[in-house]
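Undergrad: I have a structure here, written as structure tokens, and I will follow up with some questions on it.
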Amino acid sequence: DPPPTEADLRGLTETVRAAELAVANLTGLSPPADVPEIQAFRRAQWVEATVLGLRDILDPVAAKLSSALESRGAVALPEGQEMLGALMGRMVPLLTGVQVGVALGHLGQRALAQFDLAVPRAGSVLHFVVPNLARFESDWSLPAVELRGWVALHEVAHRFEFARPWVREHFLRLVRDLVEHAEIDLSELERGLEGLDLSNPEAFTNALESTGNFFGRSSDPEQRLRIARVRAFLVAAEGYADHVVESLGTKMLSSYGRIEEAMRRHRDGGAADQALERLLGLEMDAEEHARGRAFCARVAELTDEAALGTMWSSAEALPSAPELEEPTLWLARMA
26 DPPPTEADLR GLTETVRAAE LAVANLTGLS PPADVPEIQA FRRAQWVEAT VLGLRDILDP
86 VAAKLSSALE SRGAVALPEG QEMLGALMGR MVPLLTGVQV GVALGHLGQR ALAQFDLAVP
146 RAGSVLHFVV PNLARFESDW SLPAVELRGW VALHEVAHRF EFARPWVREH FLRLVRDLVE
206 HAEIDLSELE RGLEGLDLSN PEAFTNALES TGNFFGRSSD PEQRLRIARV RAFLVAAEGY
266 ADHVVESLGT KMLSSYGRIE EAMRRHRDGG AADQALERLL GLEMDAEEHA RGRAFCARVA
326 ELTDEAALGT MWSSAEALPS APELEEPTLW LARMA
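Under the numbering used here, the very last position in the sequence shown is 360; numbers go up by exactly one each time.
Following this line, the structure appears as structure tokens:
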């Protein structure tokens with residue numbers, strides 16, 4: 026994990042400034058009021074920054090899991106290990122932290138920049154993981170300037186979305202509402218605890234990993250609506266960024282087609298890459314990525330980029346799940 030150089034930072038800063046001008050000219054969105062601090066990170070620095078950036082989401086998740094265990098009482102455990110049940114309520118935040126740490130450690134080996142986890146965060150920083158960029162460039166035989174240009178466009182597009190004053194608080198309200206009303210099914214956790222080996226530190230992590238997704242699925246109609254609202258936000262945000270990158274990248278980057286194919290495969294890295302999103306109920310599949318991009322392309326085709334950009338004018342202007350499926354519904358509502 027070699028440290029980034031001054032040349033890396035200087036090059037990324039210049040690339041981001043060019044991307045900001047291009048995104049502003051294309052979208053018509055007003056640039057964020059603050060000038061972003063560009064940071065060239067090592068892998069461990071990305072993990073540390075991401076933990077801090079996700080704290081407003083991780084804390085309610087850990088509290089919900091702990092509360093679910095406390096309200097249920099001691100979890101059914103193998104004979105002779107009943108005392109562990111009384112401790113589980115206090116241990117779940119720790120277990121969740123371990124699971125998040127493992128997931129972020131894995132992602133830290135692959136993440137290229139800040140918005141590999143595309144959720145709004147506080148602050149005006151854009152960070153890039155230089156060792157991973159260098160490895161990606163080498164693995165796919167891509168020009169460094171062009172790959173970093175693609176990544177900068179993607180990061181800046183998200184920054185333009187998320188810098189709207191209302192966006193972060195709106196997203197956090199959606200997530201908190203989802204977590205608060207989730208009915209936690211502990212049966213999978215109980216099964217994971219069967220035969221638990223207290224001498225094995227990884228046993229606790231494996232128990233939580235076996236639970237799958239606590240927050241991204243439900244049989245309750247109202248909770249499914251809450252899930253749909255969170256998913257619609259994510260689909261709209263990622264779809265808009267993908268649309269901006271495609272619209273500009275095809276003109277600015279001669280290697281755009283190769284980069285796009287490499288990025289598609291990078292996103293399809295497997296279950297381990299989505300472990301964190303799955304835990305938080307923020308997982309997106311390839312179909313949802315395609316739906317968001319198709320929505321934006323269709324709206325821009327029927328109107329223009331400025332009209333598409335109005336989706337970021339307020340929370341009410343964001344497309345709903347049905348509107349993402351049928352863009353003309355959104356256009357009719359916004360008319």
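Don't be surprised by glycine CBs; every beta carbon is placed ideally from N, CA and C.
Please give the ranges of any alpha helix (DSSP H) in the segment 124-168, keeping only runs that are unbroken, at least 4 residues long and fully inside the region.
TA: Qualifying alpha helix (DSSP H) stretches, in chain order: 155-165.
Undergrad: First and last residue of the beta strand (DSSP E) that includes A65?
TA: First-last of the beta strand (DSSP E) with A65: E62 to F66.
Undergrad: For the segment 346-354 and the segment 51-71, state whether three or more C-beta atom pairs, one from each stretch, are separated by less than 8 Å.
TA: Verdict: no, contact absent.
Undergrad: Please check the pair G274 and Y281, which I expect to be a contact at CB under 8 Å, by giving their CB distance rounded to whole angstroms.
TA: Sure, about 4 Å apart at Cβ, within 8 Å.
Undergrad: With 16 other CB atoms within 10 Å as the buried threshold, where does G306 fall?
TA: Result: buried.
Undergrad: Contact defined as beta carbons within less than 8 Å: I believe A315 pairs with V324. What is the distance between those atoms, to the nearest angstrom?
TA: Between V324 and A315 the Cβ distance is about 15 Å, and since that is not below 8 Å, they are no contact.
Undergrad: Exposed or buried, R52, counting other C-beta atoms within 10 Å across all chains shown (16 or more means buried)?
TA: Strictly speaking, residue 52 in this sequence is Thr, with Arg absent from that position. Buried: at least 16 other Cβ atoms inside 10 Å.
Undergrad: Indicate whether the contact test is met: 3 or more Cβ pairs, each with one atom in the segment 165-181 and one in the segment 78-92, closer than 8 Å.
TA: Cβ pair count under 8 Å is below three, so no.
Undergrad: Under 7 Å, do A262 and A143 count as touching if we go by C-beta distance?
TA: Result yes, Cβ atoms of A262 and A143 sit closer than 7 Å.
Undergrad: Is it right to say G114 is buried, meaning 16 or more other beta carbons lie within 10 angstroms of its own, or is it exposed?
TA: Because G114 carries a pLDDT of 49, less than 50, the predicted location of this residue cannot be relied on, and no value is offered for it.
Undergrad: For D141, which residues of its own chain have a beta-carbon under 8 Å away from its beta-carbon, when the five flanking residues on both sides are left out?
TA: The answer, listed in chain order, is L132 and R135.
Undergrad: Starting from P352, trace the alpha helix (DSSP H) both ways and give me its first and last residue.
TA: Taken as a continuous stretch (DSSP letters only), the alpha helix (DSSP H) holding P352 covers P352 to M359.
Undergrad: Over the uninterrupted alpha helix (DSSP H) stretch that includes R189, give me the two end residues.
TA: Here R189 belongs to no alpha helix (DSSP H), and DSSP marks it neither H nor E.
Undergrad: Return helix, strand or coil for P344, following the three-state DSSP convention.
TA: Looking at P344 - three-state DSSP - the assignment turns out to be coil, as it is neither helix nor strand.
Undergrad: Give the secondary structure of A331 by DSSP, where H, G and I count as helix, E and B as strand, and everything else as coil.
TA: A331: helix per DSSP, three-state reduction.
Undergrad: Can you tell which of D329, I82 and E45 has the C-alpha that lies nearest to the C-alpha of R201?
TA: Out of D329, I82 and E45, I82 has the C-alpha closest to the C-alpha of R201.
Undergrad: I need the DSSP call for S272, collapsed to helix, strand or coil.
TA: In the structure shown, S272 sits in a helix (DSSP, three-state: H, G or I).
Undergrad: Taking its Cβ as the centre, do 16 or more other Cβ atoms sit within 10 Å of E205, making it buried, or is it exposed?
TA: The residue in question, E205, is exposed, as its Cβ has fewer than 16 Cβ neighbours within 10 Å.
Undergrad: Please state whether DSSP places A322 in a helix, a strand or coil.
TA: A322: helix per DSSP, three-state reduction.
Undergrad: Excluding the 5 residues flanking F320 on each side, which residues of the same chain have their C-beta closer than 6 Å to its C-beta?
TA: Contacts found: G264, L349 and P352.
Undergrad: Taking all protein chains shown into account, do 16 or more other C-beta atoms lie within 10 angstroms of the C-beta of L172, making it buried, or fewer, making it exposed?
TA: Under this definition L172 is a buried residue.
Undergrad: Of all the options L304, P56 and R193, which has the alpha carbon lying nearest to the alpha carbon of A207?
TA: Checked all of L304, P56 and R193; the closest Cα to A207 is L304.
Undergrad: Quick one: what does DSSP say M277 is sitting in, helix, strand or coil?
TA: Helix.
Undergrad: Contact check, T337 vs E194 under 8 Å by CB: the rounded distance?
TA: With the sequence shown as reference, residue 337 is identified as Trp, and Thr is not the correct amino acid for it. 14 Å between Cβ atoms; not a contact.
Undergrad: Looking at the unbroken alpha helix (DSSP H) that takes in E208, where does it start and where does it end?
TA: Taken as a continuous stretch (DSSP letters only), E208 belongs to no alpha helix (DSSP H), as it is neither H nor E.
Undergrad: When the Cα atoms are used, what is the spatial distance from R283 to R251?
TA: Answer to the nearest angstrom: the Cα atoms are 37 Å apart.
Undergrad: Quick one: residues in its chain with C-beta nearer than 6 Å to the C-beta of I63, no 5 flanking neighbours on either side, listed in chain order?
TA: L37, T38, V41 and L151.
Undergrad: Sorted by chain position, which residues of the same chain lie with C-beta nearer than 6 Å to A138's C-beta, five sequence neighbours on each side aside?
TA: Here the set comprises F153, V176 and E180.
Undergrad: Do you know offhand how far A169's Cα is from A159's?
TA: Going from the Cα of A169 to the Cα of A159 covers about 7 Å.
Undergrad: Would you mind sorting D329 into buried or exposed? The rule is 16 or more other CB atoms within 10 Å of its CB.
TA: Exposed.
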